[in-house]
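Chemist: Here you go, one structure.
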Amino acid sequence: MGILVVPAMATELNYLVVDSAQIHCYDDEKIIDFPSPGDHYYGQDAQFSVNPPSYLDQGDGTISDQVTGLMWTQDPGEKMTWAQAVAGAKTCRIGGYTDWRLPTVKELYSLINFNGIDPDPMATDSEGLTPFIDRSVFNFKYGDPMKGERIIDSQWATSTLYQSTTMGGNQTMFGVNFADGRIKGYPVTSRRGETLFYTLYVRGNPDYGKNKFTDNGDGTVTDEATGLMWMQSDSGMGMDWPSALEYAEKQRLAGYGDWRLPSVKELQSLVEYSRSPDSSDSAAIDPVFECTEIQNEKGQKDFAQYWSSTTHISSRGVSTAAYVAFGRAMGYMRNQWMDVHGAGCQRSDPKTGDASRFPKGRGPQGDAIHIDNMVRLVRGGTVVTVVEEPADVGNTAAEKPVDAQVQRPEQASGFMMREDKNGDGKVARTEFRGPPAHFDHLDKNGDGWIMIDEAPSGPVKRSR
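Numbering-wise (my numbering), the sequence shown opens with residue -9 and increments by one.
Written as structure tokens, this is what we have:
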């Protein structure tokens, strides 16, 4: 099958980072065959599968995430203001539950899927586009040009406010845009009035998104909540995306040689949204980590943006990759540089090239282009190393991932067929072949059995 399974740590993992579901490998122009170790572009997102997405449609307007333990409302309804989104959680009764809450940005970002296609900002037709969320599970909506909106105006609300302001003093909420595949800081109100957002509510697993870091004393930090181990310091210098992949492959730290460039969802799990350069004079990350200071476009002391291994697919091609900003996210607007999206946003940069070609940034908010971004590597977790592209996958840039499956209660799964040795319709701890912490995570009601409605939807399909 060509896969290598690295077991998770034997601890309770309350914050499993869901895989990005990216299934192809790319250079800066096109889909490529899966590189081998030592090859150019080796070590990118699709070559590592971690906690593939798995959803259970409960048939009552709710969706259960089999990986995170979170339950979601299925339909965002019509757009509303942030204040309305906050208030609506208290009155939501979907599925008969009364404990709905507005999700944090980490909870909502767990749903993002990086097989989407970022539209041209000026596009007026969404035909042929794929959003960055599984629309076979959730009721997704693009922006409505008939209402004066852009196609990309599909910003979804969270409860996470920026610990500073953006765009010249606006109170700012971190929202997820499932149309263009980004986290950005959006003004709660602006000169044009209150901003409108789509809204999903969530319940369950109150510990999701809460890190539990341990300094290992050897230049590494372990997150006991996710099972991931991180470099404590960063690369100390910026580099382009291919160089970041090469840097990861060559890294030897604390006796480990299996460091990798993190997926964008793994990288975003590190963000500490209670911190920012303005509020804490630090990067938006726990102080157990060391961050190299930089000077931003406005001449301020700041902190860098960090490469992920995830290609950001757009209607213009595959020449950009996703990054997370741990310092201010600068943009050129109103003839000046300013923080337009906040420390903790996720945007994208060209994989290679000359940043000086973009003296006033790029895009509707003049996003600063760096190209030479910092790197912080990761290892461990429930990672499966993939050496071939999954079978039965077409050659389009974005396609419904085979990793993500929608499961209804009455359906069996590959997991049950594989693990249920005696065929009694349930999996005992003695039958389960994974780490004990995985059994405990799947056994939602703690009765000592994994039932069909608790089981993940099945293994990632691989060729041969």
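From the three backbone atoms N, C-alpha and C, an ideal C-beta is built for every residue, glycine too.
Only a predicted model underlies this, so the values are computations on that prediction, with no experimental measurement involved.
Could I get the ranges of all uninterrupted beta strand (DSSP E) runs contained in the segment 234 to 317, with 3 residues as the minimum, in chain order?
Modeler: 283 to 285, 291 to 293, 295 to 304, 307 to 315
Chemist: Under 7 Å Cβ to Cβ from Y32, same chain only, skipping five residues before and after it: list those, please.
Modeler: P25, S26, L235, E239
Chemist: Within the chosen definition, does the segment 331 to 346 reach the segment 166 to 176 through at least 3 CB pairs nearer than 8 Å?
Modeler: The segment 331 to 346 is in contact with the segment 166 to 176.
Chemist: Taking 7 Å as the threshold (C-beta atoms), are G307 and Q355 in contact?
Modeler: No. Outside cutoff.
Chemist: Are N105 and D124 closer than 7 Å when you measure CB to CB?
Modeler: no
Chemist: Please classify K80: does DSSP put it in a helix, a strand, or coil?
Modeler: Here K80 sits in helix by DSSP.
Chemist: Opposite E320 in the DSSP bridges: which residues?
Modeler: Just to set this straight, residue 320 is Met in the shown sequence, not Glu. Looking at the DSSP assignment, M320 forms a beta bridge with D329.
Chemist: Inspect the beta-carbon positions of Y296 and R366 and report whether they are closer than 7 Å.
Modeler: yes
Chemist: What residues are listed by DSSP as bridge partners for A418?
Modeler: W439
Chemist: Per DSSP, which one or two residues make a beta bridge with F187?
Modeler: As computed with DSSP, F187 is found in a beta bridge with M70.
Chemist: Y313 to G49, Cα distance in whole Å?
Modeler: Cα to Cα, Y313 sits roughly 36 Å from G49.
Chemist: Hey, how far is the Cα of S266 from the Cα of V417?
Modeler: Note on geometry: alpha-carbon atoms of S266 and V417 lie some 46 Å from one another.
Chemist: Just to confirm the assignment, what range does the beta strand (DSSP E) spanning Y99 have?
Modeler: Here Y99 belongs to no beta strand (DSSP E); instead the alpha helix (DSSP H) covers 95 to 99.
Chemist: Under the three-state reduction of DSSP, which class applies to W90: helix, strand or coil?
Modeler: coil
Chemist: Tell me the DSSP bridge mates of D213?
Modeler: Answer is F203, L218.
Chemist: Between which two residues does the beta strand (DSSP E) harbouring R337 extend?
Modeler: 336 to 340
Chemist: Taking all protein chains shown into account, do 16 or more other C-beta atoms lie within 10 angstroms of the C-beta of A73, making it buried, or fewer, making it exposed?
Modeler: exposed
Chemist: Do T94 and T58 come within 7 Å of each other at the CB atom, strictly closer than that value?
Modeler: no
Chemist: Taking the continuous beta strand (DSSP E) assigned at Q161, which residues delimit it?
Modeler: 160 to 167
Chemist: Have a look at F168 and F128 and give me their C-alpha separation to the nearest angstrom.
Modeler: 11 Å
Chemist: Whether or not the segment 2 to 19 and the segment 38 to 46 are in contact is what I'm after, with contact meaning three or more pairs of Cβ atoms, one per stretch, closer than 8 Å; do they touch?
Modeler: yes
Chemist: Check whether the segment 366 to 380 touches the segment 205 to 222, taking contact to mean three or more Cβ pairs, one atom from each stretch, closer than 8 Å.
Modeler: They touch, by the three-pair rule.
Chemist: Am I right that F187 and A77 are in contact with their C-beta atoms under 8 Å? What's the rounded C-beta distance?
Modeler: F187 to A77, Cβ: 13 Å. No contact.
Chemist: Among T342, A358, D344, G28, which one has its Cα closest to the Cα of Q326?
Modeler: A358
Chemist: So, at 8 Å on beta carbons, what are the nonlocal neighbours of D197 in its own chain, with the 5 sequence-adjacent residues on each side left out?
Modeler: N4, Y5, A215
Chemist: Look up Y5 in the DSSP assignment and say whether it is helix, strand or coil.
Modeler: coil
Chemist: What's the call for A402, buried or exposed, on a 16-neighbour Cβ count within 10 Å?
Modeler: Residue confidence for A402 is low, a pLDDT of 39 falling below 50, so the modelled location carries little weight and cannot support an answer.
Chemist: What does M364 pair with, by DSSP beta-bridge criteria?
Modeler: Y296
Chemist: Check whether the Cβ atoms of I141 and P121 lie closer than 7 Å to each other.
Modeler: no
Chemist: When burial is assigned at 16 or more other CB atoms within 10 Å of the CB, is G115 buried or exposed?
Modeler: A small fix is needed here, since residue 115 is Asp in this sequence, not Gly. Exposed, because fewer than 16 other Cβ atoms sit within 10 Å of the Cβ of D115.
Chemist: Within 10 Å of its beta-carbon, does H30 have 16 or more other beta-carbons around it, so buried, or fewer, so exposed?
Modeler: exposed
Chemist: Quick check on K137: does DSSP put it in helix, strand or coil?
Modeler: helix
Chemist: Tell me, to the nearest whole angstrom, how far the beta carbon of F316 is from that of F293; I am working on the premise that it is less than 8 Å.
Modeler: 5 Å
Chemist: What's the gap between the Cα of L251 and the Cα of L260?
Modeler: Distance between the alpha carbons of L251 and L260 is about 14 Å.
Chemist: Going by Cα to Cα distance, which pick from V192, E117, G165, R91 is closest to I53?
Modeler: V192
Chemist: Please identify the residue among E283, F130, A319 whose C-alpha is closest to the C-alpha of S154.
Modeler: Selected option, being the one with the closest Cα: A319.
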